[in-house]
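Peer 1: Below you'll find the structure I mean.
Numbering (the working numbering), first residue to last: 486 to 892.
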């Protein structure tokens, strides 16, 4: 059980450390010289990243013909497999149909021969016209049957060719794929090397950019979307503007969605808060709808963020959910004492039956199952705990918790 507390405490400490790394409101404003130096380092890092990207793209280009050929061969294998299966299924009935067409044609040829003899024998008699007509009818039907024989034979031949070609493809393509993969493998070390260098250059550029953002923030020249804007939108806007509801066709679950806007155009115009519809509706209090308006501080932050370019913090994905890019702040402390009973929403018993974990308010309580004594209170938990489960060895405790109404 001791390891449970150690792991949970470590997670809490890691979260707190992440928070304390960001600049504080009381930080000394960066000087012009410091900002210029940081901008120069960002420019240098961007140049290095672009060079690393070019090198990586060059390596990818070398391997592209092999990748394209492998993809082409795999497509051919898929088509050949499907074609072979279909042709082998269709060939037997087509073969039988071709045989029947030949049999019917041969039988009709005999009818034509008989009719020809009859017409020859009736020449100059009163039955000549009748026998001539019978001969022509028999010959016409024979012509139809000859066409049927030709058609059946052609279909049979086509299926046989498909089968032969498919089998040839299935025999040769896998070996050709191996050849292409072998050539591609020769390029992989250089490709991996350039990819790693690109990742390192990108990380350096992000680090430098974040340093510049932090310096600008101390001067009031940068507003962090993740720290100052996303939490406001997440708490006050997402209930009505998410992927499921999206009132006004405005989905605010991500930075990209916020910038994209909804059915009302010009939602966010970089550098122009007065022309941005988002600002107008929060300033006049019409949004959030049927709720308290945003505070002056929140509105000022949104206006300033747009004025300064409505940018996203360096290194964050525009498509990431707001909840994933917001700072992971510590949860409020649990009450020292519970003066009234609260609902128990989750309970778990350790595998050996010695401990019971139960939900609390912003905490999880660990009890001695034998005497009912409180063993430990695990804090820094969301308001409501929905699920608890010990690992099979009892060394870990999984906690599913959240705050009602927040996304």
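Even glycine gets a Cβ: it sits at the ideal position worked out from N, Cα and C.
Predicted, not measured: the structure shown is a model, and the values here were computed from it.
Hey, residue 662 and residue 569 are a contact pair by Cβ (cut 8 Å); roughly how many whole angstroms apart?
Peer 2: 18 Å between Cβ atoms; not a contact.
Peer 1: Kindly give me the distance between the Cβ atoms of residue 710 and residue 797, rounded to whole angstroms, as I take these residues to be in contact under 8 Å.
Peer 2: Indeed, because the Cβ distance is near 5 Å, the residues count as touching under 8 Å.
Peer 1: In terms of DSSP beta bridges, what is residue 874 paired with?
Peer 2: Answer is 883, bridged to residue 874.
Peer 1: Taking the C-alpha atoms as reference points, what is the distance between residue 845 and residue 747?
Peer 2: Residue 845 and residue 747: Cα-Cα distance of roughly 40 Å.
Peer 1: Would you check if the distance between the CB atom of residue 794 and the CB atom of residue 695 is smaller than 9 Å?
Peer 2: It is not a contact, given that the beta carbons lie outside the stated cut-off.
Peer 1: Would a C-beta distance cut-off of 9 Å place residue 609 and residue 616 closer than the cut-off?
Peer 2: No. Outside cutoff.
Peer 1: Could you pull the DSSP bridge partners for residue 552 from this structure?
Peer 2: According to DSSP, residue 552 bridges with nothing at all.
Peer 1: Compute the beta-carbon to beta-carbon distance between residue 807 and residue 738, rounded to the nearest angstrom, for a pair I have assumed lies under 8 Å.
Peer 2: Rounded, the Cβ-Cβ distance is 6 Å, consistent with contact.
Peer 1: Could you check the C-alpha separation between residue 601 and residue 625 for me, to the nearest Å?
Peer 2: For residue 601 and residue 625, the distance between alpha carbons rounds to 13 Å.
Peer 1: Please classify residue 729: is it buried, with 16 or more other beta-carbons within 10 angstroms of its beta-carbon, or exposed?
Peer 2: Classification for residue 729: exposed.
Peer 1: Determine the extent of the alpha helix (DSSP H) in which residue 644 is found, giving its start and end residues.
Peer 2: It spans 613-703 - the alpha helix (DSSP H) in which residue 644 sits, taken as one unbroken run.
Peer 1: Looking at the secondary structure, which residues open and close the beta strand (DSSP E) in which residue 727 lies?
Peer 2: Looking at the DSSP string, residue 727 is not in any beta strand (DSSP E), and its letter there is neither H nor E.
Peer 1: Taking the beta strand (DSSP E) that residue 853 falls in, what are its first and last residues?
Peer 2: Residue 853 -> beta strand (DSSP E) spans 849-853.
Peer 1: Taking residue 565 as the reference, which of 555, 658, 775, 627 has the closest Cα?
Peer 2: Considering only alpha carbons, the answer is 658.
Peer 1: Give me the Cα-Cα distance between residue 813 and residue 674, rounded to the nearest whole angstrom.
Peer 2: Their Cα atoms are separated by approximately 38 Å.
Peer 1: Opposite residue 842 in the DSSP bridges: which residues?
Peer 2: Beta-bridge pairing links residue 842 to 833, 851.
Peer 1: Taking all protein chains shown into account, decide if residue 577 is buried (16 or more other Cβ within 10 angstroms of its Cβ) or exposed.
Peer 2: Looking at its Cβ environment, which holds fewer than 16 other Cβ atoms inside 10 Å, residue 577 is exposed.
Peer 1: Considering only residues of the same chain and omitting the five flanking positions on each side of residue 533, which have a CB-CB separation below 8 Å?
Peer 2: If we look at residue 533 and ignore the five residues flanking it on each side, its Cβ neighbours are 686, 689, 690.
Peer 1: Roughly how many angstroms lie between the CA atoms of residue 697 and residue 684, to the nearest whole one?
Peer 2: C-alpha separation (whole angstroms): 20 Å.
Peer 1: Does the Cβ-Cβ distance between residue 445 and residue 837 come in under 9 Å?
Peer 2: There is no way to answer for residue 445, as the model of the chain reaches only from 486 to 892.
Peer 1: Apart from the five residues just before and just after residue 858, which ones in its own chain have a Cβ nearer than 8 Å to its Cβ?
Peer 2: Same-chain partners within the cutoff: 852.
Peer 1: Short check: CB of residue 641 to CB of residue 588, under 9 Å?
Peer 2: Not closer than 9 Å, so no.
Peer 1: Are residue 842 and residue 831 closer than 9 Å when you measure CB to CB?
Peer 2: Yes, they are a contact pair.
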